[in-house]
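According to my numbering, the sequence shown is numbered sequentially starting from 37. Remarks on the structure that follows.
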Amino acid sequence: MATETTIEPRRLHRLPLVLAASLGLAVAVTVLAVRASGGTGAAVPGIPDAGALTTWGLPVARTVTDASAVATVGALLLVAVLLPGGKRLGTTQLCYLNWAAVSAALWAVASAATLVLTLADLFAQPVGEIASPAVVADFVITDAQGRSYALMTAAAGAIATLCLGIGTAHWARLALGMAVAGMLPPAFTGHSSAAGNHDTAVTSLALHLVGVVVWVGGLAFVLIAAARWEKQATDAVRRFSPLAGWALIAVAASGLVNAAVRLPSPAEVFTSRYGAMLLAKTVALAALCGIGWWHRRRTLPALESGTWRAFVRLAAGELLLMAAAIGLAVGLSRTPAPGAADASLSPTEELLGFSMPPPLGDFPWTPLFTQWHFDPLFAFGTAAAALLYLAGVRKLRARGDKWPVGRTISWLLGLAVTVLATMSGLATYGKVLFSVHMGQHMILAMTVPILLVLGAPATLALRALPAAPKGEPGGPRELLLRLLHSRYVKVISHPVVASVLFVGSAFAVYYTSLFETLMRSHLGHMVMLVHFLAVGLLFFWVIIGIDPGPRRPPHLGRLFALILTMPFHSWFSVSLMSSTHLIGEGWWSQLDRPWVAYPMDDQYDAGAIAWATGDIPVLITTIILAIQWVRSDQREARRVDRQIERGDAGDPLAAYNAYLASLHARDRHAANTRPTEES
């Protein structure tokens, strides 16, 4: 008789049926959603038609693409994160790598088919008439959608090949990162990218996709591991539970933001086909929230006693519901939002994602504080960072440990300044005026990092996160420790490397064509801002950081690094003011800025801002470093005093006295033995 701690043989036979039913349900819901949206209407005489193959094949191909991508991410997530193990992958992990290779190969084929069908759909011609190699190649080179699906196909093919030779956890994590990144290119070229306020739309859609693939893919392969009765399945479920919670929050929040951007008014939710599908997807998400709550309340505690039946059954139902939600999402992407056909964007709005703001005017530049622009990446990122930090502080205080209030204030203030730099008028005018962009750059690279590194987030995490019990696989705390002491962090945290990255980034971005290229894309612009913030955090962590690392240079060495770095920053600022070449000329010339008469004067102001705003953070950093130096010497003096009071053998003063005593004893021995030798 089978018990709850064993898996019945017939249950393993049901697993392929559940997976096949999930894929079939996703395709069926997609077809019904496309039909309900009017995407399969009859051909109109005189208007070209792409044919039934494109009409029905494109949504099906997209569904298979999404499902196979989710499966690839889920398998790699199970191997690289959820299943415990060492540096070398075990037999179980290698088995799931084969699953990842197969699903990635299917992903590559389905995304290639989506590329061809999208070409036929855009040009309203049957696939057989347009799918020639020359036309497809031209579509990939010249069209954003063509490039996005080509990048996805290439990423999927590379992952399928890479998975066949992976043997270590490091390469598995690299493949996981490639899989998540490979999902994102179409998000920046679909309906959201063509909508007004497309910066917010595409960012929220990208966050939505990341949350979905992690949530659905992780659940699918946790279910597979549980149904196959893997020895480490309980650990995988335990690790996946908090990850699923964060993915759910990301999906719900980003979906809400994307819907708010796409819908002209809340009433359209109840009066349009797009709103009806959105409601259906919302109902599915609410049901999934309920299932997640039930997991945490009933099935997850039951796993500790080896009872798997309830979890497997509920997870199978959850997977089917997720498949239906994916089908609704594909149908939603084929449904134009209300008023989309009537929207006409000016060339400037298409470039910026919003209308041209009014001129700044004279001091006090009021629009910098009134022209706010919501950005999901920084909004959700700073909110999550604040909540996690406060949760860590609360945990320390609950067990009676102290945490300096100044560190908490510094961390929250740094996050608030980040929001100010990325969502206020600084962000709005940062894409219109080079001078404001430079101010935004300086805040993110030189002001925010000082506040954040003084918050000591890694130290807080190491104290708040529980240590893994002896003999059990490592958790987040152990992963953070390995990262802080890894070879990669050891290299980039060298003062010379950190200084070169900090100063060299400005020259590399602004004195090449990279700046103009990044400004033309919302993704590129976001990468640029995040990069400036990252190199600033790295540099100031090396100089005044509290968190542990692979090396802690002496305070005198940190001061030298700061002193030697700042002249290069001043050189960069002076070079901007004295330059006769307009940086990013191709970008500025496309913007309709009638109130900017002399762009070179704006560039001169940018250099002046870089120079002026660089001196104050350097002065503050020098003062902080001096205070840390004095406190370090005081702690060392107190430590030596305690050793002297205790008489420790390791006390340096005691060791010196012992050395003097040994010299005195040697001299006395020599004096006593000299007469004997003479006699």
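From the three backbone atoms N, C-alpha and C, an ideal C-beta is built for every residue, glycine too. Remember, it's a predicted structure, so these values are computed and weren't measured experimentally.
Taking the straight line between their C-alpha atoms, what separation do you get for residue i and residue j?
i           : j           : result
residue 292 : residue 298 : 10 Å
residue 7   : residue 513 : A question about residue 7 goes unanswered here, because the residues of the chain that appear run from 37 up to 715.
residue 104 : residue 142 : 6 Å
residue 156 : residue 221 : 20 Å
residue 606 : residue 547 : 15 Å
residue 76  : residue 149 : In this prediction, residue 76 has a pLDDT of 47, which is less than 50 and means its spatial position is unreliable; nothing more can be read from the coordinates.
residue 287 : residue 170 : 39 Å
residue 108 : residue 646 : 45 Å
residue 218 : residue 205 : 20 Å
residue 410 : residue 494 : 28 Å
residue 196 : residue 274 : 28 Å
residue 475 : residue 465 : 10 Å
residue 364 : residue 276 : 25 Å
residue 697 : residue 662 : 38 Å
residue 244 : residue 673 : 54 Å
residue 130 : residue 269 : 15 Å
residue 387 : residue 627 : 8 Å
residue 246 : residue 116 : 17 Å
Helix, strand or coil for residue i per DSSP?
i           : result
residue 204 : strand
residue 298 : helix
residue 588 : coil
residue 513 : helix
residue 309 : helix
residue 667 : helix
residue 124 : strand
residue 405 : helix
residue 526 : helix
residue 48  : A caution first: residue 48 carries a pLDDT of 47, below 50, which makes its placement in the model unreliable, though a value can still be read off. Reduced to three states, the DSSP call for residue 48 is helix.
residue 392 : coil
residue 630 : coil
residue 267 : coil
residue 605 : helix
residue 613 : helix
So the alpha helix (DSSP H) residue i belongs to, where does it begin and stop?
i           : result
residue 91  : 88-113
residue 430 : 412-434
residue 469 : Run containing residue 469: none; DSSP gives neither H nor E here.
residue 196 : 180-199
residue 225 : No alpha helix (DSSP H) holds residue 225; DSSP gives it neither H nor E.
residue 569 : 558-580
residue 624 : 621-626
residue 445 : 441-459
residue 534 : 531-546
residue 555 : 550-555
residue 163 : 163-166
residue 495 : 493-500
residue 618 : Premise fails: residue 618 is in no alpha helix (DSSP H) and is neither H nor E.
Quick check on this structure: which residue in the options has the alpha carbon closest to the alpha carbon of residue i?
i           : options               : result
residue 133 : 208, 166, 420 and 364 : 208
residue 667 : 580, 410, 572 and 609 : 580
residue 462 : 565, 617 and 97       : 565
residue 418 : 455, 498 and 623      : 455
residue 636 : 561, 619, 597 and 314 : 619
residue 322 : 302, 258, 634 and 361 : 361
residue 556 : 524, 406, 497 and 385 : 385
residue 496 : 263, 190, 422 and 261 : 422
residue 442 : 296, 487, 193 and 654 : 487
residue 248 : 402, 521, 285 and 262 : 285
residue 357 : 335, 325 and 334      : 325
residue 523 : 586, 257, 213 and 658 : 586
residue 578 : 553, 531 and 186      : 531
Looking only at its own chain, which residues have a Cβ that is under 6 Å from the Cβ of residue i, when we skip the five neighbours before and after it?
i           : result
residue 490 : 446
residue 414 : 458
residue 470 : 638, 639 and 642
residue 425 : 447
residue 485 : 572, 573 and 576
residue 715 : Unreliable positioning characterises residue 715 in this predicted model, as indicated by a pLDDT of 40, which lies under 50. A coordinate reading is not provided.
residue 136 : 108, 111, 112 and 199
residue 302 : none
residue 280 : 251
residue 591 : 665
residue 541 : 571
Skipping 5 residues on each side, what residues in its chain have a beta carbon closer than 7 Å to that of residue i?
i           : result
residue 609 : 643, 646, 647 and 650
residue 289 : 416
Enumerate in chain order the residues of its own chain whose CB-to-CB distance from residue i is below 8 Å, with the five nearest sequence positions on each side excluded.
i           : result
residue 537 : 528, 571, 574 and 575
residue 404 : 396, 460, 461, 462, 465 and 472
Kindly say whether residue i, judged by its beta-carbon, lies nearer than 8 Å to any beta-carbon of chain E.
i           : result
residue 670 : The structure shown contains no chain E; it is built from a single protein chain.
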